[in-house]
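A short worksheet on the structure shown next.
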Amino acid sequence: MDISVFGSGYVGLVQAAVMADVGHKVTCMDVDKERVKALKAGTVPFYEPGLAPMMQEAIDNKLLTFTDNAGAAIRASDFLFIAVGTPSDTDGAADLKYVLEVAATIGKHMTERKVVIVKSTVPVGTADKVKAAITEALAERGEDIPFDVVSNPEFLKEGSAVADATRPDRIVIGSDSPQAIDDLRIMYQAYNRNRDKLMVMDQRSAEMTKYAANAMLATKISFINEMANIAEAVGADIEEVRRGIGADPRIGYQFIYPGAGYGGSCFPKDIRALKHLAKTHDQAAPIITAVHDTNQRQKNKLGERVLNCLGADLSKYRIAVWGLAFKPNTDDLREAPSSYLLDVLWSQGATVQAFDPEAMDNARKLYGEREDFVLCDSKEDALKRAECLVICTEWKAFFSPNFEQVKKLMKRPLIIDGRNLYDPAYVAELGIEYYAIGRGLSVKKVHA
2 MDISVFGSGY VGLVQAAVMA DVGHKVTCMD VDKERVKALK AGTVPFYEPG
52 LAPMMQEAID NKLLTFTDNA GAAIRASDFL FIAVGTPSDT DGAADLKYVL
102 EVAATIGKHM TERKVVIVKS TVPVGTADKV KAAITEALAE RGEDIPFDVV
152 SNPEFLKEGS AVADATRPDR IVIGSDSPQA IDDLRIMYQA YNRNRDKLMV
202 MDQRSAEMTK YAANAMLATK ISFINEMANI AEAVGADIEE VRRGIGADPR
252 IGYQFIYPGA GYGGSCFPKD IRALKHLAKT HDQAAPIITA VHDTNQRQKN
302 KLGERVLNCL GADLSKYRIA VWGLAFKPNT DDLREAPSSY LLDVLWSQGA
352 TVQAFDPEAM DNARKLYGER EDFVLCDSKE DALKRAECLV ICTEWKAFFS
402 PNFEQVKKLM KRPLIIDGRN LYDPAYVAEL GIEYYAIGRG LSVKKVHA
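In the numbering used here, the protein residues as written are 2 to 449.
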């Protein structure tokens, strides 16, 4: 099939690569000329495991091309994916400006039937707005060309997006067009072989499915973090509690790891958008509100713990930070817990020595050059003369450090672990002060 994808971000570029990987001829369109130039040279603008070699192979096989010419992308393909960003407005609503701009552009340039597939995460009712924008643009030209609009939300996790796209749990198709449904069934057949993963429903239900899925996952994270705070207060160990409740198949172990809160480009934005959607339809959403509020409090947890350990004046302290990305296997800093920590540390005068396996370049771009922010070449360099180590991201490189080396490099062996990577008793026996999330009983035992 001839496919064009509008947008070359996490969703669009992964969609383009996995479609080309199974033999479809794909054109990826972006308005950013410099980005398109880099993509043509095989440069992926973000870190996503497995994406770069897949993209390069598709380019070499002449199955994936890039352009900044929207008209050419529309003319080249029968199937047009909209995978542009939907950032939050000031009121929390998803901004559909870019989605509707693509829709209007399609209406201006299409000359034959097209299937327009909305891949962006959008509020319920967006497919209707896309259809209206295309219809209006066609009417301005005096044309009446048939087209279908399909909702086909993505369910990708940053850090495993390629694996998620090639081995999907489900493929949600929102459409009332039998022809469009059949078209997408053929399009996705390479990823739909061992069982039928296609779930066909109406457009609004498909749009709602995406928001509901992200809201449920965010709820599990906020719930376990709230339980962690209670466990810490009463002297229980949240890791033991997690194992106890996760064994129940109705609950499971996924997304119940206590930590410093969720971040990234999806959960925070989608929770705000869902709150706004409920409000605009006069529906109370107390659970969604509580999920958001709990997460915001949790993101401040690491900074508060540093202040509790070292005091309010940090002007004479060096703080080591391991992990800047919001999660491992990505370089994405959007709404990362580390950003909340850095704000607290800098506001109290601290100097930060940070290391992240993949997010260093993005950190330089985001924070610029500052005397109180040192980006180190290794996790060991970040420890030198530091009074405290704060772990923000659970990269595998941080799981098994040489603790004797840690003690020698640090001025004061103090670890504040936002991801519960280590056994408190073991670390304490080595003479290291250690504070994790929700492990009050363990900390009390080792300091008794």
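We put the beta carbon where it would ideally sit given N, CA and C, even for glycine.
| query | result |
| --- | --- |
| Environment of residue 407 [buried if 16+ CB atoms lie within 10 Å] | buried |
| Own chain residues within Cβ distance below 7 Å of residue 386, not counting five before or after | 319 and 412 |
| Chain-order list of residues whose beta-carbon lies under 6 Å from that of residue 448 (same chain, five-residue window excluded) | For residue 448, the predicted model reports a pLDDT of 39, less than 50, meaning its position is unreliable and no value from the coordinates is stated. |
| For residue 119, three-class secondary structure by DSSP | strand |
| Where residue 310 falls: helix, strand or coil (DSSP) | helix |
| Bridge partners - residue 26, DSSP secondary structure assignment | 3 |
| Alpha-carbon spacing of residue 331 relative to residue 88, whole angstroms | 19 Å |
| Residue 341 vs residue 296 beta-carbon contact at 7 Å | no |
| Residue 417 versus residue 79: straight-line alpha-carbon distance, rounded | 54 Å |
| Beta-carbon contacts of residue 247 that lie in its chain and below 7 Å, excluding the five residues immediately before and after | 253, 254 and 257 |
| One or two residues paired with residue 222 in a DSSP bridge | Partner(s): none; residue 222 has no beta bridge. |
| Secondary structure of residue 16, DSSP reduced to three states | helix |
| Per-residue burial, residue 400 [other beta carbons within 10 Å of its own, 16 or more giving buried] | exposed |
| DSSP three-state assignment for residue 174, whether helix, strand or coil | strand |
| Residues sharing a beta bridge with residue 434, DSSP | 415 |
| Residue span of the beta strand (DSSP E) that contains residue 149, given as start and end | 148 to 152 |
| Segment limits, alpha helix (DSSP H) that includes residue 186 | 179 to 188 |
| N-terminal and C-terminal residue of the alpha helix (DSSP H) that residue 83 is part of | Careful: residue 83 lies outside any alpha helix (DSSP H), inside the beta strand (DSSP E) at 80 to 83. |
| Identified DSSP bridge partners for residue 69 | Per DSSP, none; premise fails for residue 69. |
| Of the residues 86, 271 and 298, the one placed nearest residue 224, counting alpha carbons only | 298 |
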